[in-house]
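Enquirer:
In the numbering used here, the protein residues as written are 2 to 501.
#1: Run the CB neighbour count on residue 407, radius 10 Å, all protein chains shown included, and call it buried at 16 or more, exposed below.
#2: Could you check where the alpha helix (DSSP H) with residue 519 kicks off and where it finishes?
#3: If you run the structure through DSSP and keep just helix, strand and coil, what is residue 300?
#4: Compare the C-alpha of residue 107 against each of 92, 97, 94, 86 and name the closest.
#5: Going by CA-CA distance only, name the one from 142, 233, 289 that's closest to residue 220.
#6: For the alpha helix (DSSP H) holding residue 434, just list the boundary residues, first then last.
#7: Mind checking which residues open and close the alpha helix (DSSP H) that includes residue 103?
#8: Would you identify the three-state DSSP class for residue 336, choosing helix, strand or coil?
#9: Do residue 502 and residue 224 have their CB atoms nearer than 8 Å?
#10: With DSSP as the reference, please indicate the residues paired to residue 204 in a beta bridge.
#11: Residue 308 by DSSP, collapsed to three states: which one?
#12: Please classify residue 89 as buried or exposed, where buried requires at least 16 other C-beta atoms within 10 Å of its C-beta.
#13: Return the Cβ separation of residue 351 and residue 362 in integer angstroms, given the expectation that the two are a contact with Cβ distance under 8 Å.
#14: If I follow the unbroken beta strand (DSSP E) through residue 9, where does it start and stop?
#15: Does the stretch 433 to 449 come close enough to the stretch 201 to 219 to have 3 or more Cβ pairs within less than 8 Å?
#16: Per DSSP, which one or two residues make a beta bridge with residue 318?
#17: Can you tell me whether residue 88 is helix, strand or coil according to DSSP?
#18: In whole angstroms, what separates the C-alpha of residue 1 from that of residue 128?
#19: When you compare only the Cα positions, how much space is there between residue 436 and residue 304?
#20: Under DSSP, the beta strand (DSSP E) around residue 128 begins and ends at which residues?
#21: In angstroms with no decimal places, state the Cα-to-Cα distance between residue 99 and residue 14.
#22: Compare the beta carbon distance of residue 461 and residue 423 with 8 Å and say whether it is the shorter of the two.
#23: By DSSP, does residue 400 sit in helix, in strand, or in coil?
#24: Based on Cα-Cα distance, which residue from 354, 482, 65 lies nearest to residue 43?
#25: Run through DSSP, which three-state label would residue 268 get?
#26: Would you give the residue range spanned by the alpha helix (DSSP H) that residue 69 belongs to?
#27: Which partner residues does residue 60 have in the DSSP bridge list?
#28: From residue 428 to residue 453, what distance separates their C-alpha atoms?
#29: Counting Cβ pairs, one atom from each stretch, are 3 or more of them under 8 Å apart for the stretch 318 to 332 and the stretch 235 to 255?
#30: Taking the alpha-carbon positions, what's the residue 377 to residue 216 distance?
#31: Among the residues of its own chain, which have a CB less than 6 Å from the CB of residue 103, if the five just before and after it don't count?
#32: Alpha carbons only, please: which of 84, 79, 141, 434 is nearest the one belonging to residue 93?
#33: Are residue 278 and residue 316 touching if we call contact CB-CB under 8 Å?
#34: Within 10 angstroms of its Cβ, does residue 483 collect 16 or more other Cβ (buried), or is it exposed?
#35: Is DSSP giving residue 409 helix, strand or coil here?
#36: Between residue 485 and the rest of its own chain, which residues show a CB-CB distance below 7 Å, the 5 nearest in sequence each way excluded?
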């Protein structure tokens with residue numbers, strides 16, 4: 002007989018992680034017919050979720066906002082016998098602003114009468130158990146722990162396990178050292194040490210701002226042309242930037258030689274290209290996540306929505322085209338590859354004014370190997386055999402580089418839709434760049450950027466006005482206000498005219 006009441010609840014920060022945890026739960030309990038897993042999350046049909054809850058879900062995986070909605074508005078959601086709550090990726094839950102929702106959920110559950118399970122013996126009362134899983138223990142996480150946990154037991158990695166070879170092939174965080182330092186330096190200490198898997202190759206490349214885009218295209222071309230079976234994830238800072246690069250890679254044809262421009266045009270990468278970010282519809286996000294997981298060779302362009310918790314099978318390469326916010330974000334991004342003992346490679350793009358970011362990573366025990374900007378292009382030249390590469394040639398004036406830059410600008414300038422996407426991506430990139438917090442503000446400063454070169458990295462010949470979008474909104478607001486004033490004026494004038 003199926004259990005009608007929800008007895009276990011798993012809270013996760015993103016919809017993709019919600020789907021993943023749900024799928025794993027299904028596999029774990031498929032032999033236990035009395036355990037019914039389910040999930041609720043934003044973007045899904047609320048009425049269908051309500052119907053599933055009415056039938057009975059014993060293990061529920063949920064995002065905080067949608068769970069709170071069902072707790073408050075779905076009377077058929079039976080949670081009076083709830084015995085376990087798991088807060089997965091608790092630090093990410095708070096980063097995404099779910100702290101208030103979580104507090105409301107706990108407050109609501111604490112005020113509801115609990116019903117004893119039919120399987121409960123005698124008058125013994127079961128206490129609800131909470132488990133909080135987090136990569137870091139900062140002030141916010143500690144505050145959540147103080148609210149949701151009572152006399153908690155801390156479970157972390159021991160020193161021999163951490164510094165030995167038994168990290169299960171994945172990124173490991175020194176939880177024990179973290180606890181010691183938090184005790185010594187306060188809960189907000191950022192002196193975390195990370196232990197990276199030995200099979201993960203970490204590199205960085207310093208690229209001039211105006212050649213960032215073309216160098217990214219070259220790296221992708223080399224990796225995808227070299228052999229089949231490469232699965233690449235590219236992290237970008239904004240949703241607009243993801244949309245721009247996705248549109249570009251989907252339609253742009255690259256001619257290596259000006260002489261062969263008409264005859265030798267072909268797609269840049271010979272694999273399926275996907276995108277994933279928070280502004281996509283839930284249906285598109287779900288389809289993208291599931292379809293990319295199935296592919297043996299594919300490219301995913303995404304924001305940090307895919308950086309935490311997701312177990313994407315067989316990812317071979319990570320590109321951090323836009324630098325992450327801090328060392329913790331860096332580690333989680335590269336953690337999508339080199340999993341379960343498999344080899345992986347991670348490449349970080351930096352501009353010359355951003356090289357101090359390497360010191361920030363080194364503070365946390367993360368060291369990167371430099372790969373030469375020239376070597377990347379030399380590999381392309383040797384692979385394609387279009388032009389010789391003399392050592393004294395400047396890459397900025399090399400015929401292949403100039404041809405690619407010209408082709409990109411021509412492709413974007415001829416299409417109004419691409420110009421609009423590129424302009425939006427440029428503006429959102431600059432805004433995101435200015436939004437770095439804390440110590441990183443000294444490294445990532447907009448005034449150090451050459452905005453003309455930034456524009457080139459989006460295929461634009463000139464830098465658009467940074468105020469263009471807000472001015473457009475202002476004009477819209479002014480027009481609306483003028484319309485309201487005219488309507489009000491007509492309203493007051495009408496009685497006088499009738500009296501005449």
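Using N, Cα and C, we set each Cβ at its ideal position, and we do this for glycine too. All values reported here derive from a predicted model rather than from experimental measurement.
Expert: In short:
#1: Result: exposed.
#2: Only positions 2 to 501 of the chain appear in the structure, and residue 519 is not among them; the question remains open.
#3: In the three-state reduction of the DSSP assignment, residue 300 falls in the strand class.
#4: Checked all of 92, 97, 94, 86; the closest Cα to residue 107 is 86.
#5: Considering only alpha carbons, the answer is 233.
#6: Annotation for residue 434: the continuous alpha helix (DSSP H) segment containing it runs 417 to 435.
#7: If you look at residue 103, you'll find it in the alpha helix (DSSP H) that goes 100 to 112.
#8: Residue state, collapsed to three classes: coil.
#9: Limits of the chain in this structure are 2 at one end and 501 at the other, which puts residue 502 out of reach.
#10: According to DSSP, residue 204 bridges with 348, 370.
#11: In the structure shown, residue 308 sits in coil (DSSP, three-state: anything other than H, G, I, E or B).
#12: Classification of residue 89: buried, given that the 10 Å Cβ count is 16 or more.
#13: Their Cβ separation, rounded to whole angstroms, is 11 Å, which puts residue 351 and residue 362 out of contact at 8 Å.
#14: Where residue 9 is concerned, the enclosing beta strand (DSSP E) stretches over 9 to 12.
#15: No, the stretch 433 to 449 does not touch the stretch 201 to 219.
#16: In DSSP, residue 318 forms a bridge with 233, 346.
#17: Note: residue 88 maps to strand in three-state DSSP.
#18: Since the displayed the chain opens at 2 and closes at 501, residue 1 lies outside it and no answer follows.
#19: Each residue's Cα considered, the two are about 15 Å apart.
#20: First-last for residue 128: undefined, no H or E at that position.
#21: Roughly 8 Å between the two C-alpha positions.
#22: A contact, by the Cβ cut-off of 8 Å.
#23: Three-state DSSP puts residue 400 in a helix.
#24: Ranking 354, 482, 65 by Cα distance to residue 43 puts 65 first.
#25: Here DSSP, grouped into helix, strand and coil, assigns residue 268 to strand.
#26: Looking at the DSSP string, the run of the alpha helix (DSSP H) that includes residue 69 is 65 to 74.
#27: Looking at the DSSP output, residue 60 bridges to 9, 38.
#28: So the two alpha carbons sit approximately 12 Å from each other.
#29: As far as the Cβ criterion goes, the stretch 318 to 332 touches the stretch 235 to 255, which means the pair count is three or higher.
#30: So the alpha carbons of these two residues sit roughly 8 Å apart.
#31: Within the same chain, residue 103 has close Cβ partners 65.
#32: Comparing Cα-Cα distances from residue 93 to each of 84, 79, 141, 434, the minimum goes to 141.
#33: In this structure, residue 316 does not lie closer than 8 Å to residue 278 by Cβ.
#34: Exposed, by the Cβ-count rule.
#35: Note: residue 409 maps to helix in three-state DSSP.
#36: Contacts found: none.
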